[in-house]
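In numbering that gives the first Met the number 0, the protein residues as written are 0 to 328. All C-beta atoms, glycine included, are put in the ideal place defined by N, C-alpha and C. Please read all numbers here as calculations on a predicted model, not as lab measurements.
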Amino acid sequence: MNRVRICIISILLAYQTINAYPKRDARGEVSENYIRQQGIVDIKLPKMQYRENEPVKVLLSVRNTGNEVLRIFPYGKDLRSFQVIVRDEDGRTVTKIEEEPTVDPVLRRRNRVENLVGDEVKEIVLHKDETFSKEIRLDRLYELEAGKKYFVTAYFYPNLSEYRDHFVRSQNHPYFSVEERRKDWILPGVPYQDPVIDGLEPEEVIHLFLGAEKKGNWKLHFKWIYFPEYVQAYDRFSRDWAQAEESEKDFILEEFRKFLTENRAGVLQYYKILSVDKINSNLAKVRVAVERRINKVPVRYEYEFTLRRVPEETGAFWKVANLLAKVRK
Numbered sequence: 000m001n002r003v004r005i006c007i008i009s010i011l012l013a014y015q016t017i018n019a020y021p022k023r024d025a026r027g028e029v030s031e032n033y034i035r036q037q038g039i040v041d042i043k044l045p046k047m048q049y050r051e052n053e054p055v056k057v058l059l060s061v062r063n064t065g066n067e068v069l070r071i072f073p074y075g076k077d078l079r080s081f082q083v084i085v086r087d088e089d090g091r092t093v094t095k096i097e098e099e100p101t102v103d104p105v106l107r108r109r110n111r112v113e114n115l116v117g118d119e120v121k122e123i124v125l126h127k128d129e130t131f132s133k134e135i136r137l138d139r140l141y142e143l144e145a146g147k148k149y150f151v152t153a154y155f156y157p158n159l160s161e162y163r164d165h166f167v168r169s170q171n172h173p174y175f176s177v178e179e180r181r182k183d184w185i186l187p188g189v190p191y192q193d194p195v196i197d198g199l200e201p202e203e204v205i206h207l208f209l210g211a212e213k214k215g216n217w218k219l220h221f222k223w224i225y226f227p228e229y230v231q232a233y234d235r236f237s238r239d240w241a242q243a244e245e246s247e248k249d250f251i252l253e254e255f256r257k258f259l260t261e262n263r264a265g266v267l268q269y270y271k272i273l274s275v276d277k278i279n280s281n282l283a284k285v286r287v288a289v290e291r292r293i294n295k296v297p298v299r300y301e302y303e304f305t306l307r308r309v310p311e312e313t314g315a316f317w318k319v320a321n322l323l324a325k326v327r328k
């Protein structure tokens, strides 16, 4: 009886001793590789709202937050180790766009690192606080419909070719929406119109004025400014302008134009005209809701433009003469 007990105990101890060694892959590395304990997968979206047919890019990253070295093996030319799932507001998975697999002819002629079954693999070592990232175009992978909101979840497989059931899910699940063109506030690509023939109204001038800024067409943007008055709306230049000699004003205007092109108030994202008040035949005020982006942070303003009818050789035209801005909550 004692011998039987001793045999049973010996077998149990031997089994535990064998299992005390971690499972290793073909390279001798620990299969779990600490990825679950100290690897963090993150998704970053540059913005939350996209226009119809606009590229939707996400940046997927895996970061080592611990002291142990992480070894990951990105799989495939397109790095299929990063898997992205997109769901709609009802929780349904969005249909993927089916594409025929293609092989780059350049890669066909090049020596590649492959495993025993011919899969393209490479090893990446991540030390503490190091990150491995991949940018993915969601609009090329999924059929995104306008007027809907989508939620994104990422899965990272550290060694997909050998352990297909071993993955880490992203900690965050950001969302974005695709807006229909008819709902956009911006009027993209506002065509130029001849003021003499079309007789532009103050509201139309503001569309051309802000539309040109949105497109970075500063020459057209400056065309709708009455600089002798508009420069005085900016404290930084108003004092110098008031004290300057006539010969110095051209230099001040040149510095002012350069200042406007720097977009220090933020990059214009969209605008919406709220009201138009024609005070008299030569003076009008236009209120506009504006959103700008400063360091990826959206800031909303309410602008009140003062437009004056300025006489020129070919007639009198509405031009922007003053600006009052306040932050909207």
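*Of the choices 156, 165, 152, whose alpha-carbon is the least far from that of residue 174?*
Counting from 1 along the sequence shown, the entry for residue 174 is found at position 175. It is 152.
*Can you name the start and end residues of the alpha helix (DSSP H) that residue 260 belongs to?*
Within the sequence shown, the letter at position 261 stands for residue 260. Taken as a continuous stretch (DSSP letters only), the alpha helix (DSSP H) holding residue 260 covers 245–260.
*In chain order, what residues of the same chain have a beta carbon less than 8 Å from the beta carbon of residue 199, not counting five sequence neighbours either side?*
As a position in the sequence shown, residue 199 is number 200, starting the count at 1. Answer for residue 199: 192, 207, 316, 317, listed in chain order.
*State the Cα-Cα distance for the pair residue 256 and residue 221, rounded to the nearest angstrom.*
Translated into the one-based positions of the sequence shown, residue 256 becomes position 257. Translated into the one-based positions of the sequence shown, residue 221 becomes position 222. Distance between the alpha carbons of residue 256 and residue 221: 8 Å.
_Rounded straight-line distance, which links the Cα of residue 56 to that of residue 210_ = Position 211 of the sequence shown, counted from the first residue, corresponds to residue 210. Position 57 of the sequence shown, counted from the first residue, corresponds to residue 56. Whole-angstrom Cα-Cα distance: 25 Å.
*Can you check whether the CB of residue 40 is closer than 9 Å to the CB of residue 167?*
Here residue 167 refers to the residue found at position 168 of the sequence shown. Here residue 40 refers to the residue found at position 41 of the sequence shown. Yes; because the gap between Cβ atoms is below 9 Å, this pair is in contact.
_Reduced DSSP category for residue 297 - H, G, I as helix; E, B as strand; rest coil_ = Position 298 of the sequence shown, counted from the first residue, corresponds to residue 297. Strand at residue 297.
*asked:* DSSP three-state label for residue 112, please.
replied: Start at 1 with the first residue of the sequence shown, and residue 112 comes out as number 113. Caution is warranted here: a pLDDT of 48 is assigned to residue 112, below 50, making its placement in the model unreliable, and no coordinate value can be reported.
*Name the DSSP beta bridge partners of residue 178, please?*
Here the question's residue 178 lines up with position 179 in the sequence shown. Beta-bridge pairing links residue 178 to 50.
*So is residue 212 buried or exposed if we call it buried at 16+ other beta carbons inside 10 Å?*
Mapped onto the sequence shown, residue 212 falls at position 213. With 16 or more Cβ atoms within 10 Å of its Cβ, residue 212 is classed as buried.
*Are residue 80 and residue 130 closer than 9 Å when you measure CB to CB?*
Within the sequence shown, numbered from 1, the residue matching residue 80 stands at position 81. Within the sequence shown, numbered from 1, the residue matching residue 130 stands at position 131. Going by C-beta atoms, residue 80 is not nearer than 9 Å to residue 130.
*Endpoints, the beta strand (DSSP E) within which residue 137 is located*: By 1-based counting over the sequence shown, the position of residue 137 is 138. No beta strand (DSSP E) holds residue 137; the alpha helix (DSSP H) holding it covers 137–140.
_Nearest-angstrom Cβ-Cβ length linking residue 273 and residue 307, presumed shorter than 8 Å_ = For the purposes of this step, residue 273 is taken as residue 274 along the sequence shown, with counting starting at 1. For the purposes of this step, residue 307 is taken as residue 308 along the sequence shown, with counting starting at 1. At roughly 20 Å, the Cβ-Cβ gap does not stay under 8 Å, so residue 273 and residue 307 are not in contact.
*Run the CB neighbour count on residue 229, radius 10 Å, all protein chains shown included, and call it buried at 16 or more, exposed below.*
As a working note, residue 229 is residue 230 in the sequence shown. That one is buried.
*Pull up the CB-CB distance for residue 287 and residue 271, whole angstroms please, since I reckon it's below 8 Å.*
For the purposes of this step, residue 287 is taken as the residue at position 288 of the sequence shown. For the purposes of this step, residue 271 is taken as the residue at position 272 of the sequence shown. Taking C-beta atoms under 8 Å as the contact rule, residue 287 and residue 271 qualify, at a distance of about 7 Å.
*Can you tell me whether DSSP reads residue 127 as helix, strand or coil?*
Here the question's residue 127 lines up with position 128 in the sequence shown. If DSSP states are grouped into helix, strand and coil, residue 127 belongs with coil.
_Alpha-carbon spacing of residue 320 relative to residue 54, whole angstroms_ = Here residue 320 is taken as the residue at index 321 of the sequence shown, counted from 1. Here residue 54 is taken as the residue at index 55 of the sequence shown, counted from 1. For residue 320 and residue 54, the distance between alpha carbons rounds to 37 Å.
*Cα separation between residue 64 and residue 260?*
Your numbering for residue 64 matches position 65 in the sequence shown. Your numbering for residue 260 matches position 261 in the sequence shown. Residue 64 and residue 260: Cα-Cα distance of roughly 41 Å.
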